[in-house]
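First residue of the sequence shown? That's 1 in UniProt numbering, and the numbers climb one at a time after it. Just so it is clear, CB atoms sit at the ideal spot from N, CA and C, and this is done for glycine as well. All values reported here derive from a predicted model rather than from experimental measurement. Everything on this sheet refers to the single structure shown next.
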Amino acid sequence: METVSRPDPFSLAQLNPEQQQIADAPITENIQVIAGPGTGKTFTLVYRVISLLERGVSPQDILVLTFTNKAINSFRSKLKDAVDPTVAKGVAINTFHSYCQTLLYNHGYLVGLDSGWTVSDSREVDFMFQQAAHSIVSKKLTLANRRKLANELRALKLRRALTGYKEDILDDEKRRVYEQYDLIRAKSSILDYDDLLVRAKDLLEHQAKSDQSDSSDQFAKYKVILVDEFQDSIPLQWVIIKLLIRISKDCSLTVVGDPDQTIYGFAGSDPTLFQIMKKELADVNVVHLKTNYRSTQQIADATKALLGPHRTDFASAFMPGLRPVFKRLPSANAQYNWIAQEIKTLMEFDPSLKPNDFAVLFRAGYNCDAQEAALKALGFEVAIVRNITIFDQPRIVELVTLLKFLNNKSQDMYVLYLLRHPWPIISAKDCDFAMTHATVTDTPLWSSLQTPEEWISTSRSQKKLEEFSRIVSHADQIISERNTGEGIISALKYFMEQVSSKIAPKSKFSTKYHEDQKLLEEFYSFIRSSTASMAEDTNALQSFLNSYAHYQATPTENQIVVSTVHAAKGLEWKTVFVADLDDSSYPHLRAQFTKDPKDVEEERRVLYVAATRAKRNLYCVFSPKFIASQNRVFDRSRFLNDGMLKKYFTRPVEEISPQLAQWNRVKQSYPRLFSPINKKIIQHSIRAIHTLRPLVRA
Numbered sequence: 001m002e003t004v005s006r007p008d009p010f011s012l013a014q015l016n017p018e019q020q021q022i023a024d025a026p027i028t029e030n031i032q033v034i035a036g037p038g039t040g041k042t043f044t045l046v047y048r049v050i051s052l053l054e055r056g057v058s059p060q061d062i063l064v065l066t067f068t069n070k071a072i073n074s075f076r077s078k079l080k081d082a083v084d085p086t087v088a089k090g091v092a093i094n095t096f097h098s099y100c101q102t103l104l105y106n107h108g109y110l111v112g113l114d115s116g117w118t119v120s121d122s123r124e125v126d127f128m129f130q131q132a133a134h135s136i137v138s139k140k141l142t143l144a145n146r147r148k149l150a151n152e153l154r155a156l157k158l159r160r161a162l163t164g165y166k167e168d169i170l171d172d173e174k175r176r177v178y179e180q181y182d183l184i185r186a187k188s189s190i191l192d193y194d195d196l197l198v199r200a201k202d203l204l205e206h207q208a209k210s211d212q213s214d215s216s217d218q219f220a221k222y223k224v225i226l227v228d229e230f231q232d233s234i235p236l237q238w239v240i241i242k243l244l245i246r247i248s249k250d251c252s253l254t255v256v257g258d259p260d261q262t263i264y265g266f267a268g269s270d271p272t273l274f275q276i277m278k279k280e281l282a283d284v285n286v287v288h289l290k291t292n293y294r295s296t297q298q299i300a301d302a303t304k305a306l307l308g309p310h311r312t313d314f315a316s317a318f319m320p321g322l323r324p325v326f327k328r329l330p331s332a333n334a335q336y337n338w339i340a341q342e343i344k345t346l347m348e349f350d351p352s353l354k355p356n357d358f359a360v361l362f363r364a365g366y367n368c369d370a371q372e373a374a375l376k377a378l379g380f381e382v383a384i385v386r387n388i389t390i391f392d393q394p395r396i397v398e399l400v401t402l403l404k405f406l407n408n409k410s411q412d413m414y415v416l417y418l419l420r421h422p423w424p425i426i427s428a429k430d431c432d433f434a435m436t437h438a439t440v441t442d443t444p445l446w447s448s449l450q451t452p453e454e455w456i457s458t459s460r461s462q463k464k465l466e467e468f469s470r471i472v473s474h475a476d477q478i479i480s481e482r483n484t485g486e487g488i489i490s491a492l493k494y495f496m497e498q499v500s501s502k503i504a505p506k507s508k509f510s511t512k513y514h515e516d517q518k519l520l521e522e523f524y525s526f527i528r529s530s531t532a533s534m535a536e537d538t539n540a541l542q543s544f545l546n547s548y549a550h551y552q553a554t555p556t557e558n559q560i561v562v563s564t565v566h567a568a569k570g571l572e573w574k575t576v577f578v579a580d581l582d583d584s585s586y587p588h589l590r591a592q593f594t595k596d597p598k599d600v601e602e603e604r605r606v607l608y609v610a611a612t613r614a615k616r617n618l619y620c621v622f623s624p625k626f627i628a629s630q631n632r633v634f635d636r637s638r639f640l641n642d643g644m645l646k647k648y649f650t651r652p653v654e655e656i657s658p659q660l661a662q663w664n665r666v667k668q669s670y671p672r673l674f675s676p677i678n679k680k681i682i683q684h685s686i687r688a689i690h691t692l693r694p695l696v697r698a
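Written as structure tokens, this is what we have:
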């Protein structure tokens, strides 16, 4: 097989023919790049930008849109390595949401947005929704039912934004909850993430329809727009792209993606947008990237089979390797222990392997903890990667909410959240009294809290509230006097210590405060880094609040990654274990309950994405799972049939590798040989053999 080198990211001359075609395409050409796993789609977009810059396109005339902060950092890093950093900095590289947020910060007044608004995170949205449902819904909603209703109303909001007319809500309770939620959000000057897209679309429509001759020069004018991971787009984002093209007039679009990696249908992503683009834009040139630089041919063949007959234009890999391994175990614990032991065996057999060469992927995050325990039992360090960060942890959400409030004391929702989290300061009934008082007196809620005698129900609650107000005010004073990251940290430590000792000394809050020290240290470290390089006249608190949404944890070289499939998208490892491959996970039960074939097909794509993270070795592992609520045992996933296993998969590696099998027998027969000292001697001997073998052959 002919060997193909991974393209040099700094030289256009090193591109393969399809990548060269995309990079050198005319500036005005609309391009749709279909790029399977490992085909270098992000590199190709970077090359396209480099080529545009070399042909005289101004950095300010280029807009790159993607979906994650990790993708932004990767793209910007590659671009800075290839062109002058000053030029690279001029290219706008954003997520859809951050781009819309910037547009609204700068020009939101054109569509009636007041200054001082902020963006809420998921927990704040849930809290606002809880508040909205509190006085309207006839029975108390569980968290699951509340989220289900919130998702229904979210879908309604996005549909309204697309259709342009106000769709009726037939259920009276749902309509009132929706209206109350919007009222609370508007009163607190808060936008949720969907609002960013909806209001940005309104703003761009206003700009497109404006009669002012110079209005189109004010903002949102580009010559080339590039979109990465186009398969993750939702219809509203496609409308925003079209509006940007319309405003810019002479503007081309380049999108890169893979319909077979569309796994965010629950969030609205739609693979048919590839077809819609070809219908709605003129002369779209479709280019397929045909070389897989990531995986071995054996892995490429097996993952192609996972999708069945649904696609035929797969990229070919250039590396030979071992067939993927399929392993069945009797129980979940046996499965997780076997995976941990297999990683240990592989690392002992090949000393060049590092812990971060391995990943274990799960369909759902709740199984990650059991795998982490099995790995730690063998002495491994583990990084659990989910679609959540430390900023989704309750303790950190509470502290960030405090900082948001101290930055803008007119936002009532943050005050309400602090009054109920982490420890109830006053009752829900008193919170209602306080909100009523604030509404009647037309003052911010924080002002009403300074005169509790006018509305509070008991003197005991009044004393607790006054103590809480004193603590918050002093924390605010600390930050005002020390405009640094350390000032923010000092204020947060003071707040937690005072609440722990003065307001809730015998509560879970007091206990958890001491248990969360490791989490807090990571939080403090980020505060220091996000405020370290700011200018002297910059507000440290504002600097932190502007940057915390971009936080991402990076596993170290000494950590094995245990992750959900969705969090692993776009990443790769030498060896990947796809665990819990039973028929309740692939397809997920939720998709089976809908009885919609599209949902089940998306689950097939989830498995495809998981398997295509592997570069050298792929393991598919499962154990039969009994689910009491279904009163049945779920066996192997329906996506892995007997013919596929026979043709593309094999037994565990120790069963097909005589050397490794012999290695394991020696370990079992002569355990003293593998004392720490002897183990190092053996590993050095193996390294020496690897080094000398080519010389001996020569």
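Here His-474 is exposed. Its C-beta has fewer than 16 other C-beta atoms within 10 Å. Per the DSSP secondary-structure output, Glu-381 pairs in a beta bridge with Gln-559. The Cβ atoms of Ala-220 and Leu-204 sit closer than 8 angstroms to each other. Taking C-beta atoms under 8 angstroms as the contact rule, Ile-240 and Leu-197 qualify, at a distance of about 7 angstroms. Straight through space, the alpha carbons of Leu-361 and Ala-610 are spaced by roughly 7 angstroms. In summary, Gln-559 is buried, with 16 or more beta-carbon neighbours lying within 10 Å of its beta-carbon over all protein chains present.
Burial check for Ile-426: the Cβ neighbour count within 10 Å reaches 16 or more, so the residue is buried. Pairing Ser-189 with Asp-121 gives a Cβ-Cβ distance that is not under 8 angstroms. In this structure, Gly-36 and Asn-337 do not form a Cβ contact; the two beta carbons are roughly 34 angstroms apart against a cut-off of 8 angstroms. Where Val-284 is concerned, the enclosing beta strand (DSSP E) starts and stops at 284 to 289. Distances from the CA of Leu-541 to each of Gln-101, Arg-616, Asp-301 and Leu-403 were compared; the closest alpha carbon is that of Leu-403. In this structure, DSSP gives Gly-570 a state outside helix and strand, which the three-state scheme calls coil. Beta bridge pairing from DSSP links Tyr-619 with Val-325 and Phe-577.
In this structure, the CA atom of Ser-352 is about 38 angstroms from the CA atom of Ile-396. For Lys-625, the enclosing beta strand (DSSP E) begins and ends at 625 to 627.
The criterion of a C-beta distance shorter than 8 angstroms is not satisfied by Asp-412 and Ala-373. With a contact defined as Cβ atoms closer than 8 angstroms, Val-137 and Glu-173 qualify at about 6 angstroms.
Glu-18 is a Cβ neighbour of Val-287, given a cutoff of 8 angstroms. Under the three-state reduction of DSSP, Ile-240 is assigned to helix. The straight-line gap separating the alpha-carbon atoms of Arg-651 and Val-325 is approximately 5 angstroms.
Check the Cα spacing between Tyr-47 and each of Asp-61, Thr-28 and Lys-80: the tightest is with Lys-80. DSSP, read as helix, strand or coil, puts Ala-220 in coil. With a 10 Å radius around the Cβ and a threshold of 16 neighbouring Cβ atoms, Tyr-222 comes out buried. Contact check for Ala-302 against Phe-43 fails: the beta carbons are separated by 8 angstroms or more. In the assembly as shown, Gly-116 is an exposed residue. Its beta-carbon has fewer than 16 other beta-carbons within 10 Å. For Val-33, the enclosing beta strand (DSSP E) begins and ends at 30 to 35. Distances from the CA of Ala-383 to each of Ile-471, Gln-552 and Asp-516 were compared; the closest alpha carbon is that of Gln-552. In the three-state reduction of the DSSP assignment, Thr-95 falls in the strand class, which pools E and B. Rounded to whole angstroms, the separation of the alpha carbons of Gln-231 and Gly-257 is 5 angstroms. Pairing Val-606 with Arg-294 gives a Cβ-Cβ distance that is not under 8 angstroms. Between Glu-602 and Thr-86, the C-beta gap is not smaller than 8 angstroms, which leaves the two residues out of contact. When DSSP reads this structure, Val-227 sits in a beta bridge with Leu-65 and Val-255.
Counting the other CB atoms within 10 Å of its CB gives Val-49 a total of 16 or more, which places it among the buried residues. When the five nearest sequence neighbours on each side are left out, the beta carbons in the same chain lying within less than 8 angstroms of the beta carbon of Leu-445 are those of Asp-412, Val-415, Leu-416, Ala-434, Met-435 and Ala-438, in order along the chain. With a contact defined as Cβ atoms closer than 8 angstroms, Val-621 and Lys-429 miss out at about 52 angstroms. Looking only at Ile-184, Ile-245 and Glu-522, the smallest Cα-Cα distance to Gln-207 is reached by Ile-245.
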